[in-house]
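Chains as they are written, first to last, in this note's numbering: chain D, 1 to 429; chain U, 1001 to 1429.
All C-beta atoms, glycine included, are put in the ideal place defined by N, C-alpha and C.
Notes follow the structure.
Protein chains: 2
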Amino acid sequence: MTLPTRPYKGTRDFYPEAMAFRRWMFGTLEKTVCRFGFEEYDGPILESFDLYAAKTGEEIVKNQLYWMEDRGGRKLAIRPEMTPTMARMVAAKIQELPRPIRWYSIPNLWRYERPQRGRLREHWQLNADILDGDVQFADLEILQLAFSVMEAFGGGEFIEIRINHRAMVDEYFEKVIGVTTEVAHGLIKLIDLKDKMEAESFNEKLSALGLTESQAQSVIQFFELEYNEISEKISGSGKLEMDRLFENLKGSQLEHAVVYDPSILRGMDYYTGLVFEIYDKSPENRRALFGGGRYDNLLGLFGKTQLSGIGFGMGDVGLENFLLTHDLIPLVRNRKDVYVSMTDERYEKLCIQVTEDLRAKGLSVVTPLSVGKLKIQLKQANQHDAHFLVILGEEEFENNCASVKNLDTGDQFQCSIGEIFNRINTDLN
Amino acid sequence: MTLPTRPYKGTRDFYPEAMAFRRWMFGTLEKTVCRFGFEEYDGPILESFDLYAAKTGEEIVKNQLYWMEDRGGRKLAIRPEMTPTMARMVAAKIQELPRPIRWYSIPNLWRYERPQRGRLREHWQLNADILDGDVQFADLEILQLAFSVMEAFGGGEFIEIRINHRAMVDEYFEKVIGVTTEVAHGLIKLIDLKDKMEAESFNEKLSALGLTESQAQSVIQFFELEYNEISEKISGSGKLEMDRLFENLKGSQLEHAVVYDPSILRGMDYYTGLVFEIYDKSPENRRALFGGGRYDNLLGLFGKTQLSGIGFGMGDVGLENFLLTHDLIPLVRNRKDVYVSMTDERYEKLCIQVTEDLRAKGLSVVTPLSVGKLKIQLKQANQHDAHFLVILGEEEFENNCASVKNLDTGDQFQCSIGEIFNRINTDLN
């Protein structure tokens, strides 16, 4: 039997070049969240199935979860999202963790989806969450972080942050349109799916929810309203939080990047306050890059006191597409410091010693691992993207010295064996 | 229903402190392999079941693999080891990859095992492989790398590298003891399990293999022999490679760390040349930390030309235990540069601005995210391990300045708001 060399459908192999790019991308994310004082956590990629059955969207659990039973009959799932793991970990040590909690992770997540552009079966996702702290400060900070992440890649000018508030929407629906929270929630889910269904089917489902025609009209009109048109008719905590957030945004770096959008609702059941989505403003790419929101009831599942939190999850695939669209990807290279050539059996031992010495002193060194022509090894040195080529040939061997060629400039010099490190190291710094 | 907060049995949660330690440990590994010119790769954690059915040890596939069928009926497994993924990826691009190939990865691997000290159901494992290149140079380099990794942690003096050669063992068994390669291989596997079975059962299985009593005796005596007692009776490629390796080790940093041990055989089917295991020499911990070996037939599964390689896999759990045993773990801290306090609603906006400014300039900044007493916030600043505390209180607000306290030394000074960054940044560098 011959095995196929392609990876499982909808997944990716990271060859060194792609891996160097991933390292650069994750490194940029990490540097940014660290400026915000976030600390990294991680948990196992396999979790109890029940962890997702409880709170993750029904669609995901029913149709998209990778799951299995272990040999002890325990039902396990490969994590489709990180928030349940984070909530479980926080619940376990809720008394000990220093507050406020600012946590991040870049987990690998899995969903059984039909692979298409921007949607794979596995991806990596920056998860950043703030737990505890006052809503007004934490909400502002998470938006600042989302913006700063994009800005760190040079993409700040291309994005817009669309925000809404679940409690505000609930209040408007209940008090102004006169539908219960329950129906309102059914409505929100329905509207979330609106683009995926026929107009007729959408209207049928609307009446099935028990809405009058005028209520249904109001609901549809709601999504065209400006912030003031909504907020002037309500007075609850959602409106107050939003007013305060807009106030605190004034003078901030991201003031003009944030816009109110009543259609931002986020499908997940667990959002209770601010919800937001980051959009690429460019016409060819007008879609949500990532989003998040505030949740108040994650820890209850574990029998713990509630702790309010806000966070977002940003996938690597969408981010990479965004960076490509806006030409924001620098040349990321896997450079090596030195290539030590080996052109004759007589110098084998010397080549091994020089290599061992340069590595011990901290340089990254590649070697051909076989005796060969200098011309071929020079080509190899360039393939491996080395800064310097060390030549230990007949002339050098007889004079107990080495020739060193700078592969970027083409300059070449001779020095004693003992001097190679210092000469190269000076040029590298 | 209340969900448990503990992770799945045999797995670990990494809270920020544990995560910082993991980062430090992986960072040390990465720096070392990079000195050797290794490049990082990664592949999906789910692979086709067949990839393991072919070459991974039977015991693992039958009893330890986590596997499932996806919704399309494809049989998938969570990777129990990285080598099959690496082989698949190399086979896919065998014509394009620059030679010699030096690749590393630190994947998360899963096996269904009874959890016990040093054996979890998931672990992380440094995988380093060299493909192509002459055996004599590649074998030496992989041993140098294994040693350097331990040395990078300050553990070089505590370890010993025990080596053997599969072809040498095969030849000795065939030519000197007179058993076929097939029987010899059965014998090797049996001997690998010797410690786990009763003496009687072991002897029964020996005769079942068709060995005479004298042959069985010779086999048992074999494992007590010195290198010269074996090598003087054979002449094949295994012996020649080993002779050359010992020759090249002379004068090398790890010369005295390498010892010949005929009992090192490694269970895996795919080793064909040099095999080695790194042992902790200390009496309380006398066991293999990790090991590896040379393989010649990995790519054939994919219908590709063979490419000889050598590599090892080093688990994080064993490494951590080793570092603990020898007290080689430094204090790894999650330090933040600054904690900006917020003691009154009147200074909210100022605190937000100062925080935004310091973060934009590159400092890592934590804040309380709520108004509170300075005494409590000072405590929080220490919990978050901040270098500096910025105080924006009544006096500071009125004088349009800030007080800055160095939390390491206790020194405190005042400066203008605009000077905070420079003052702190100078002290940090």
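query	result
Residue nearest to R22 (chain D) in terms of C-alpha spacing, selected from D:V169, D:N321, D:L378 and D:G362	D:N321
Selected residue, minimal CA-CA separation from E345 (chain D), among U:K1075, U:F1137, U:F1223 and U:T1325	U:F1137
Integer Cβ distance of L1209 (chain U) from V1176 (chain U), believed to fall under 8 Å	That belief does not hold up - the Cβ atoms of L1209 (chain U) and V1176 (chain U) are roughly 17 Å apart, past 8 Å.
Nearest-angstrom Cα separation, counted from D1408 (chain U) out to A1128 (chain U)	41 Å
Short CB-CB distance (under 8 Å) between V1317 (chain U) and chain D	no
Between the CA atoms of V1275 (chain U) and D337 (chain D) - distance to the nearest angstrom	30 Å
The ligand ZN heavy atom lying under 7 Å from the CB of I1424 (chain U)	The ligand ZN is not part of the structure shown, which contains no ligands of any sort.
Anticipated Cβ contact below 8 Å, L1143 (chain U) with V1317 (chain U), distance rounded	About 23 Å separates the two Cβ atoms, so there is no contact after all.
Same chain, Cβ closer than 6 Å to S1308 (chain U), neighbours up to 5 away in sequence not counted	D1296
With 16 other Cβ atoms within 10 Å as the buried cut-off, status of K1239 (chain U)	buried
Cutoff 8 Å; reference N164 (chain D); Cβ partners in own chain excluding five residues on either side	Y260, D261, P262, S263, I264, L265, L274, V275 and F276
Rounded straight-line distance, which links the Cα of M342 (chain D) to that of E398 (chain D)	15 Å
Best match in D:Q383, D:A18 and D:V404 for proximity to I391 (chain D) [C-alpha to C-alpha]	D:V404
Under 8 Å by beta carbon: chain D residues contacting G1133 (chain U)	P368, L369 and S370
Within 8 Å of chain U by C-beta, residues of the stretch 12–27 of chain D in sequence order	R12, D13, F14, Y15, P16, M19, A20, R22 and R23
For D1337 (chain U), the three-state DSSP class (helix, strand or coil)	strand
Close beta carbons around G1043 (chain U), own chain, < 7 Å, minus the five adjacent residues each side	T1085 and M1089
For F1413 (chain U) and Y1041 (chain U), the rounded distance between their alpha carbons	49 Å
Within 8 Å, strictly: CB atoms of F1302 (chain U) and T5 (chain D)	yes
Within 9 Å of chain U by C-beta, residues of the stretch 105–124 of chain D in sequence order	S105, N108, W110, Y112, R121 and E122
First and last residue of the uninterrupted alpha helix (DSSP H) at R1088 (chain U)	T1083 to A1092
CB contact below 8 Å: Q306 (chain D) versus chain U	no
Cα-Cα separation, G1186 (chain U) to V1169 (chain U)	13 Å
H256 (chain D) versus E151 (chain D): straight-line alpha-carbon distance, rounded	14 Å
CA-to-CA distance, Y66 (chain D) to M1068 (chain U), given in whole angstroms	8 Å
8 Å Cβ cutoff met for G292 (chain D) and Q125 (chain D)	no
Secondary structure of R287 (chain D), DSSP reduced to three states	coil
Chain-ordered chain U contacts of I45 (chain D) [CB-CB under 7 Å]	I1045 and N1108
Own chain, CB closer than 7 Å to A216 (chain D), minus 5 neighbours either side, in chain order	L206
Local conformation of F276 (chain D) per DSSP, three classes	strand
Short CB-CB distance (under 8 Å) between I1347 (chain U) and chain D	Residue identity differs from the one stated: residue 1347 (chain U) is Tyr in this sequence, not Ile. Y1347 (chain U) does not count as touching chain D.
Proximity test, Cβ basis, 8 Å: K375 (chain D) and chain U	no
First through last residue of the alpha helix (DSSP H) which encompasses I1045 (chain U)	Careful: I1045 (chain U) lies outside any alpha helix (DSSP H) and carries neither H nor E.
Contact with chain D by L1126 (chain U), beta-carbon distance below 8 Å	no
E284 (chain D) versus D:L389, D:R294 and D:H326, residue with shortest Cα-Cα distance	D:H326
Below-8 Å beta-carbon distance, P80 (chain D) vs any chain U residue	no
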